[in-house]
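Participant: Take this structure, written in structure tokens, and hold onto it; I'll ask about it next.
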Amino acid sequence: GAGAATIALAGAAIFIGNVFSALINSVARNPSLAKQLFGYAILGFALTEAIALFAL
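Residue numbering for the sequence shown follows full-length UniProt numbering, beginning at 1 and increasing consecutively.
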């Protein structure tokens with residue numbers, strides 16, 4: 001029950017961290033693409049969060 005939900009949410013937190021880590025790394029490499037990359041990061045965040053909600 002609660003343990004499985006905690007594991008699922010921990011996995012979602014790790015993936016969200018990876019999404020924004022990749023965003024920071026990409027913007028540092030090419031600042032001119034910041035707006036486009038931010039849109040992709042928000043999409044990745046939303047998809048990861050949706051998977052976490054389904055896991056609950």
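Note that beta-carbon positions come from the ideal geometry of N, C-alpha and C, so glycine has one too.
#1: Who are the Cβ neighbours of T48 in its own chain at under 8 angstroms, not counting the five residues just before and after it?
#2: What would DSSP say about N30, mapped onto helix, strand or coil?
#3: Whole angstroms is fine: what's the gap from A2's alpha carbon to F45's?
#4: Could you tell me how far apart the beta carbons of A52 and A8 are, in whole angstroms, since I believe they sit closer than 8 angstroms?
#5: Roughly how many angstroms separate the alpha carbons of L23 and T6, rounded to a whole number?
Facilitator: Walking through what the data contain:
#1: A12, F15, I16 and V19
#2: coil
#3: 23 angstroms
#4: 6 angstroms
#5: 26 angstroms
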